[in-house]
Each structure stands twice: as structure tokens, then as C-alpha cells.
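In UniProt numbering, the protein residues as written are 1 to 101.
Backbone N, C-alpha and C define an ideal beta-carbon position, used for all residues, glycine too.
What follows is a short report on a single structure.
This is how it looks when you write it as C-alpha cells:
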């Protein structure tokens with residue numbers, strides 16, 4: 001997975017997607033329901049860092065694979081939709097398998 005630009009992008013995308021779900025599903029409820037704002041502070045910081053890495057990996061992968069602007073924009077949009085990173089990763093994995101055949 002880490003041998004190609006797209007493989008590295010897929011890994012960063014998964015990590016960013018997980019951090020997004022943790023932020024929305026665990027940290028935010030802890031902040032608003034349990035009064036623990038530190039959860040959002042730390043998880044939000046980690047998610048922000050992973051989001052920046054996602055953008056850098058997206059630019060690198062889209063340049064290396066010569067993706068269209070529409071495909072690159074679709075990958076970006078997937079990053080701001082809950083579970084979008086997982087759908088994106090699955091599609092990229094399927095494309096990779098199809099190309100290997």
C-alpha cells in the first residue's frame with residue numbers, strides 16, 4: 001500500500017476518515033453531553049493535522065496519476081462527508097485491482 005502515491009493517499013485518507021468519525025461520534029458528544037471540551041481539543045487537533053496531510057497526499061496522488069479535476073474534486077468532497085473516505089478508499093482499491101489485471 002505504501003509503495004505508490006495512490007497507496008499512501010489511501011492510507012492517509014483512511015486515517016483522516018477515522019479521525020473525522022471519532023471527532024463527530026465521540027469527541028463532540030463528550031464536549032456537549034458530558035462537558036469535556038478537552039476531547040474536541042485533542043481529537044480536533046489530530047484530525048486537523050491529518051486533514052492537512054490528506055490534502056498534500058491528494059495533490060501528490062492526483063498529480064502522479066494524472067487525475068482529472070473532477071476526480072480530484074470528488075476525492076476532496078469525500079473527505080468532508082462522514083464515511084466518504086471509506087467509499088473513496090474502496091473505489092481506489094478497486095481501480096488498482098482492475099489496473100493490475
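- For residue 4, there is no enclosing alpha helix (DSSP H), since its DSSP letter is neither H nor E.
- In the three-state reduction of the DSSP assignment, residue 26 falls in the helix class, which pools H, G and I.
- For the region 38 to 67, the full-length alpha helix (DSSP H) segments reaching 4 residues or more read 38 to 65 along the chain.
- Of all C-beta pairs linking the region 40 to 56 to the region 13 to 21, three or more are shorter than 8 Å, placing the two stretches in contact.
- For residue 73, the uninterrupted alpha helix (DSSP H) segment begins and ends at 69 to 79.
- By the Cβ criterion, the region 29 to 44 is not in contact with the region 90 to 101, since fewer than three pairs of Cβ atoms, one from each stretch, lie closer than 8 Å.
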